[in-house]
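Written out below as structure tokens is the structure these notes cover.
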Amino acid sequence: MTSEEKFKKVVSHAKEYGFVFQSSEIYDGLSAVYDYGQNGTELKNNIKDYWWKAMVQLNDNIVGIDSSILMHPTIWKASGHVDAFNDPLIDNKDSKKRYRADVLIEDFIAKTESKVKKEILKAKKKFGDKFDKQQFLETNNRVVHYQNKIKSIHNDFSKALENDDLIGMKKIIDDLEIACPVSGSKNWTEIKQFNLMFGTKLGASSESAMDLYLRPETAQGIFVNFLNVQKTGRLKIPFGIAQIGKAFRNEIVARQFIFRMREFEQMEMQFFIKPGTQKEWYIKWKEDRMKWHLSLGLGKENYRFHDHEKLAHYADAACDIEFNFPFGFKELEGIHSRTDFDLSNHEKFSSKKLKYFDSNDNESYIPYVLETSIGVDRMFLAVFSNSLCDEKLEDGSSRTVLKLPAILAPVKATILPLLKKDGLPEIAKGLVEKLKTEYRVSYDEKDAIGRRYRRQDALGTPFCITIDHQSKEDNTFTLRERDSMIQERLNFDELLKKIDSAVSIKSWI
Ligand code: ATP
């Protein structure tokens, strides 16, 4: 299956099984806005819960808040978003399609990199055991040409980014003869900066209404509450404030399903530290966040760090944790050393003191901040796409199975009476009643047992519990495990123990 086919399968599976729907679908949809269905909502809630527990519950010095989406407009002046939260956009005059100029260049680099990879694969096949990759990279004319080209584009691109040089960026697009993916035309407009914030109005009459923005990140709600939380919680530096909430960005190129949405959710944590200690905390949070990702077992090879070439207006160090999505490695989470940029500016713009008194060192200062910021929806896509697979079985048949980490699965176990008679449904429903206060469970009595198993495989349910005639006699049940498909006969206590150890946070973090 090509990666494009795999991605299509992810999108259609998400819809077919009630995970993600296009928003306003009956009105032909709203571009880059999505709704989560009955199973998607459970999976999303479990992701948020797993993050919240790891950050807030398991860290003595991190607390959580829930700030509002609408905030005083001056906040976005102070944070730099009004002036600097821009993307460089370019239009193709023939197709009338709009693109992010930086993304066009990045895509071109990625395409050239994949040409190098293809050449390597071809040569590997040709030369077999004798293949020397290093020598090939250094001597094959075509590969050397591609590599030099990549290096030179990187060079020009970083310079243009650093200097906000839109003319330089346009020159790269022209020189590389990058064409519009839709029309194939190279007839481009100049590049313009485009602010990503959504505006809205507060107030009844149009004259007195106040211009507001829908927040483009949740972080500012944490900064403006920094002293409220610190004082009322009597928190001492270092400490963190975490938050999960909606953010809005008027993305220019909103494609790739829930990877880039206009309304999305973030899980952010701002960690307040003493100035000068940011380097060590940056390293620590990079390690901690990677550990969290790896704990879910999606495969170490699917993650990598990417250091930012151009630092955002607020950062003195920044990197992304990238994940191997069906369309390649892309940003999943950002880790940013935000200095005292935000708090200092809020102090300036609000004229309120935001200093912290450090009783250990007997001094006052504006703390520095280390931020971890991950998109819930991107995390959802990472988990969902990584878990979805087609398997050939020994008997020649095949199955589609969503191998979600059990702790994130929407439904932990489904209870299936083998037959719709002989008192088996009653026993099954009794078991549902006993289990449902502990876990999210479901009940299914429709269709043959094999088809019911397949349905649960496709939903990612880790366990199926089957009630048969023997259950009536000795109170035992058959537990079928989703990934191995192994079935075992267990009594109620054994069943509980098995499910518990599979879905308990202790087994994961
Ligand atoms: P990108 O470079 O992909 O636009 P970003 O660097 O602007 O992302 P941040 O501002 O660092 O992203 O936001 C933190 C996290 O929020 C990202 O790592 C991502 O997981 C998530 N995120 C950002 N923009 C979107 C979006 N439009 N849709 C879904 N998730 C998003």
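Add 161 to a position in the sequence shown, counting from 1, and you land on the number used in the working numbering.
Ideal Cβ positions, reconstructed from N, Cα and C, are used throughout, including at glycine.
As the structure is a computational prediction, the values presented were derived from the model and not from experiment.
> On the three-state DSSP scale, how would you describe LYS499?
Replying inline: By 1-based counting over the sequence shown, the position of residue 499 is 338. Looking at the sequence itself, residue 499 is Arg, so the reference to Lys does not match. ARG499: strand per DSSP, three-state reduction.
>> I need the straight-line Cα distance from ILE647 to GLN199, nearest angstrom please.
In response: In the sequence shown, counting from the first residue as 1, residue 647 sits at position 486. In the sequence shown, counting from the first residue as 1, residue 199 sits at position 38. The alpha-carbon atoms of ILE647 and GLN199 are separated by roughly 28 angstroms.
> So, do the segment 244-251 and the segment 512-528 have three or more beta carbon pairs nearer to each other than 8 angstroms?
Replying inline: no
> Can you tell me where the alpha helix (DSSP H) with MET451 in it begins and where it stops?
Replying inline: For the purposes of this step, residue 451 is taken as residue 290 along the sequence shown, with counting starting at 1. From DSSP, the alpha helix (DSSP H) with MET451 extends over 439-456.
> Hey, SER505 and ILE527: beta-carbon distance below 9 angstroms or not?
Replying inline: One-based indexing of the sequence shown puts residue 505 at position 344. One-based indexing of the sequence shown puts residue 527 at position 366. Contact flag set, yes.
> For LEU231, which residues from the same chain have a beta carbon less than 6 angstroms from its beta carbon, with the 5 sequence-adjacent residues on both sides left out?
Replying inline: Here residue 231 refers to the residue found at position 70 of the sequence shown. Once the five neighbours on either side are set aside, the close Cβ partners of LEU231 are LEU373.
> Just to confirm, does ALA408 get its C-beta within under 8 angstroms of one of the non-hydrogen atoms of the ligand ATP?
Replying inline: The residue you call residue 408 lines up with position 247 of the sequence shown. Because some heavy atom of the ligand ATP lies under 8 angstroms away, the Cβ of ALA408 counts as near it: yes.
>> Let's see if you can read the secondary structure: which residues bound the alpha helix (DSSP H) around GLU634?
In response: Here residue 634 is taken as the residue at index 473 of the sequence shown, counted from 1. From DSSP, the alpha helix (DSSP H) with GLU634 extends over 630-635.
>> Going by the DSSP bridge assignment, what does THR361 pair with across the sheet?
In response: As a position in the sequence shown, residue 361 is number 200, starting the count at 1. Paired residues: LEU373.
>> In whole angstroms, give me the CA-to-CA distance for ASN206 and LYS407.
In response: Translated into positions along the sequence shown, residue 206 becomes position 45. Translated into positions along the sequence shown, residue 407 becomes position 246. Looking at the two C-alpha atoms, the distance is approximately 13 angstroms.
>> Quick check on the DSSP output: what are the complete alpha helix (DSSP H) runs of length 4 or more inside the segment 523-565, in order along the chain?
In response: 537-548
> Expressed to the nearest angstrom, what Euclidean distance is found between the alpha-carbon atoms of ALA589 and GLN417?
Replying inline: In the sequence shown, the residue the question calls residue 589 occupies position 428. In the sequence shown, the residue the question calls residue 417 occupies position 256. Taking the straight line joining both Cα atoms gives about 41 angstroms.
> Helix or strand or just coil, what does DSSP make of HIS474?
Replying inline: Residue 474 sits at position 313 when you count from the first residue of the sequence shown. Coil.
>> Measuring only from the beta carbon, is ARG539 closer than 8 angstroms to any heavy atom that is part of the ligand ATP?
In response: Counting from 1 along the sequence shown, the entry for residue 539 is found at position 378. For the ligand ATP, at least one heavy atom lies less than 8 angstroms from the Cβ of ARG539.
> Going by C-alpha distance, which of ALA619, ILE626, LEU651, ALA570 is nearest GLU203?
Replying inline: Along the sequence shown, one-based indexing puts residue 203 at 42. With distances taken between Cα atoms, GLU203 lies closest to ALA570.
> What residue ranges within the segment 241-265 form continuous beta strand (DSSP E) runs of no fewer than 3 residues, ordered along the chain?
Replying inline: 247-252, 259-261
> Distance, Cα to Cα, ASN348 vs LYS320?
Replying inline: Here residue 348 refers to the residue found at position 187 of the sequence shown. Here residue 320 refers to the residue found at position 159 of the sequence shown. So the alpha carbons of these two residues sit roughly 24 angstroms apart.
>> If you reduce the DSSP assignment to three classes, tell me which class THR639 lands in.
In response: In the sequence shown, residue 639 corresponds to position 478, counting from 1. Here THR639 sits in strand by DSSP.
>> Restricting to Cα atoms, I'd like to know which of ASP189, LYS362, ASN324, TYR197 is closest to VAL172.
In response: Indexing the sequence shown from 1 puts residue 172 at position 11. Checked all of ASP189, LYS362, ASN324, TYR197; the closest Cα to VAL172 is TYR197.
> By Cβ distance, which residues of its chain are closer than 7 angstroms to LEU596, with the 5 residues on each side in sequence left out?
Replying inline: By 1-based counting over the sequence shown, the position of residue 596 is 435. Here the set comprises ALA574, VAL602.
>> Going by DSSP, what residue range makes up the beta strand (DSSP E) through ARG615?
In response: Your numbering for residue 615 matches position 454 in the sequence shown. Segment 610-620 is the alpha helix (DSSP H) holding ARG615; no beta strand (DSSP E) there.
> By how many angstroms is the C-alpha of LYS509 removed from the C-alpha of ASP501?
Replying inline: As a working note, residue 501 is residue 340 in the sequence shown. As a working note, residue 509 is residue 348 in the sequence shown. Taking the straight line from one Cα to the other gives about 12 angstroms.
> Just how far apart, CA to CA, sit TRP669 and PHE624?
Replying inline: The residue you call residue 669 lines up with position 508 of the sequence shown. The residue you call residue 624 lines up with position 463 of the sequence shown. Each residue's alpha carbon lies about 17 angstroms from the other.
> LYS553 to ALA245, Cα distance in whole Å?
Replying inline: By 1-based counting over the sequence shown, the position of residue 553 is 392. By 1-based counting over the sequence shown, the position of residue 245 is 84. Going by the C-alpha atoms only, they are around 51 angstroms apart.
>> Using only CA atoms, which one of HIS174, GLU426, ALA239 lies nearest to ILE208?
In response: Here residue 208 is taken as the residue at index 47 of the sequence shown, counted from 1. Checked all of HIS174, GLU426, ALA239; the closest Cα to ILE208 is GLU426.
>> Measuring straight from C-alpha to C-alpha, what distance separates ILE266 and ILE314?
In response: Within the sequence shown, residue 266 is the residue found at index 105, counting from 1. Within the sequence shown, residue 314 is the residue found at index 153, counting from 1. Near 8 angstroms, if we compare the C-alpha coordinates of ILE314 and ILE266.
> Do the CB positions of PHE168 and PHE488 come within less than 9 angstroms of each other?
Replying inline: By one-based count along the sequence shown, residue 168 stands at place 7. By one-based count along the sequence shown, residue 488 stands at place 327. Contact flag set, yes.
>> Between ARG410 and PRO377, how many whole angstroms is the CB-CB distance? I'm expecting something under 8 angstroms.
In response: For the purposes of this step, residue 410 is taken as the residue at position 249 of the sequence shown. For the purposes of this step, residue 377 is taken as the residue at position 216 of the sequence shown. Contact holds; Cβ gap of about 5 angstroms.
> If we count the other Cβ atoms within 10 Å of its Cβ and call it buried at 16 or more, is ARG450 buried or exposed?
Replying inline: Translated into the one-based positions of the sequence shown, residue 450 becomes position 289. ARG450 should be labelled buried.
>> Taking the beta carbon of LYS698 as the centre, do at least 16 other beta carbons fall within 10 Å, making it buried, or is it exposed?
In response: Nothing about residue 698 can be read from this structure; the chain reaches only from 162 to 670.
>> If you reduce the DSSP assignment to three classes, tell me which class THR627 lands in.
In response: To locate residue 627, count along the sequence shown from 1; it is residue 466. THR627 falls in the strand class under three-state DSSP.
>> Any heavy atom of the ligand ATP inside 8 angstroms of the beta-carbon of LYS707?
In response: Residue 707 cannot be examined here, being either before or after the span of the chain that is shown, 162 to 670.
> Short check: CB of ILE496 to CB of TYR443, under 9 angstroms?
Replying inline: Position 335 of the sequence shown, counting from 1, holds the residue named residue 496. Position 282 of the sequence shown, counting from 1, holds the residue named residue 443. Yes; because the gap between Cβ atoms is below 9 angstroms, this pair is in contact.
>> Rounded to whole angstroms, what is the Cα-Cα separation between PHE400 and ALA284?
In response: Taking the sequence shown and counting its residues from 1, the one referred to as residue 400 is at position 239. Taking the sequence shown and counting its residues from 1, the one referred to as residue 284 is at position 123. Approximately 53 angstroms between the Cα atoms of the pair.
> CB-CB under 8 angstroms to LYS659, same chain, minus the five flanking residues each way: which ones, in chain order?
Replying inline: The residue labelled residue 659 in the question sits at position 498 within the sequence shown. Closer than 8 angstroms at Cβ, skipping near neighbours: PHE624, LEU640, LEU651.
> Excluding the five sequence neighbours on either side, which residues of its own chain have a C-beta within less than 8 angstroms of the C-beta of SER632, listed in chain order?
Replying inline: Your numbering for residue 632 matches position 471 in the sequence shown. Same-chain partners within the cutoff: LEU585, ILE588, PHE638.
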